[in-house]
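If you use my numbering, the sequence shown corresponds to residues 68 to 350, in order.
Cβ coordinates follow ideal geometry from the N, Cα and C atoms, glycine included.
Predicted model only: the values in this text are computed from it and were never measured.
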Amino acid sequence: MQHKPLNGKVAIVTGAGSPIGMGRAMTFALVQAGARVAMLDINQKWLEQSAGEVRVVGGDDSVLDLVCDVSDPESVEGAVGKTIAGLGGLHVIINNAGTINLADLAGGNVPKFWDITPETWNRIIGVNSSGPFFMARAAVGHMLDQGWGRIIGVTTSVDTMYRPGMCPYGPSKASHEAFVALMSRELEGTGVTANVLVPGGSTDTHVIPDDVAVGRSALMRPEVMNKPAVWLASEESDGINGMRLIAHYWDDSLPLNQRLERAAAPAAWPQLGKQSIVPGDDL
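1. Considering just the uninterrupted stretch of the beta strand (DSSP E) at P333, what are its terminal residues?
2. Answer with buried or exposed for S129, where buried requires no fewer than 16 other C-beta atoms within 10 angstroms of its C-beta.
3. What are the boundary residues of the beta strand (DSSP E) that includes N162?
4. Please report how far the alpha carbon of A164 lies from the alpha carbon of E303, in whole angstroms.
5. For I192, report the span of its alpha helix (DSSP H) as first-last.
6. DSSP state of D132, grouped into three classes?
7. Short check: CB of V47 to CB of A96, under 7 Å?
8. Quick check on this structure: which residue in G306, I183, Q69, G125 has the alpha carbon closest to the alpha carbon of G237?
9. Please tell me whether V177 and G232 are closer than 7 Å, where the distance is taken between their beta carbons.
10. For L131 versus G153, is the C-beta distance shorter than 7 Å?
11. Output the boundary residues of the beta strand (DSSP E) element that contains R103.
12. Identify the continuous beta strand (DSSP E) that holds I79 and give its terminal residues.
13. Report back the beta-carbon spacing between G220 and P199 to the nearest angstrom; my notes put them in contact at under 8 Å.
14. Is it the case that the Cβ atoms of A118 and M106 are separated by a distance below 7 Å?
15. Within the same chain, show all residues whose beta-carbon is closer than 8 Å to that of R326, passing over the 5 residues directly before and after it, in chain order.
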């Protein structure tokens, strides 16, 4: 009998609708591992299509598709409530939803930060940075009450966070990662963990412009996220908190300690050491 490490678990995956997205790929993996998943996306057409494809594999009750704007706290709270009511619980959140201003990157353009309009800044920060906060805030009470939960944040490669031309996408993902690191410290000892998962490089999703210079065939596949996502969502990752996993380096054939040595490091930038002098502060 196939081992299903997520039997009995309920997950939310945001940004799960895109037919070539990491959210869709991770949803398939979670369902195949035994979870039931609430698929959230703002694009109803994509969402219905992807949810239907997952149901072919996992059955009619394997997913709940919910239109949700993660930048709207009321929309997020509604989705969390519908998930708990419709699927009977909530154990895992994968904050995967993300957006970028493709118009600014078209034709290999490298916009300067002063070219970014306030409207573009607010929209991208709203999805990529505020969205994970709204989602974690709405769900963490339920997780704390049950004494177990997983919050997984999909950020980006560190150099992308400050690469010229990547404003505001890069800074928004840096904010998300710092938030994960903060959550992990505040959740320590509760049974709820917060970790980061990134593919490790440019991945063939709708975030990448169609005219990408290297060609789409050279990009990573979204499915690179699947195995580490399932592991992070499972009870097998108990005790892993405040870490960043690079999916490209995750190798299930290795013993766990070697997998972690190869693919994992602390989230955010603790290697820089304590930078402020605050009396009585031992963080």
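Quick answer:
1. Its beta strand (DSSP E) spans residues 331 to 333.
2. Buried, since its Cβ has 16 or more Cβ neighbours within 10 Å.
3. 159 to 162 is the span of the beta strand (DSSP E), which, as asked, contains N162.
4. Annotation: A164 to E303 spans about 25 Å, alpha carbon to alpha carbon.
5. From DSSP, the alpha helix (DSSP H) with I192 extends over 185 to 192.
6. In the structure shown, D132 sits in a strand (DSSP, three-state: E or B).
7. Limits of the chain in this structure are 68 at one end and 350 at the other, which puts residue 47 out of reach.
8. Among G306, I183, Q69, G125, the Cα nearest to that of G237 belongs to I183.
9. Using a Cβ distance threshold of 7 Å, V177 and G232 count as a contacting pair.
10. Against a cut-off of 7 Å, the Cβ pair of G153 and L131 comes out as a contact.
11. Its beta strand (DSSP E) spans residues 103 to 108.
12. Taken as a continuous stretch (DSSP letters only), the beta strand (DSSP E) holding I79 covers 77 to 81.
13. Contact check for G220 and P199: beta-carbon distance about 6 Å, within the 8 Å limit, so the pair qualifies.
14. M106 is positioned such that its CB atom lies closer than 7 Å to that of A118.
15. Excluding positions up to five away in sequence, the list reads W317, D318, D319.
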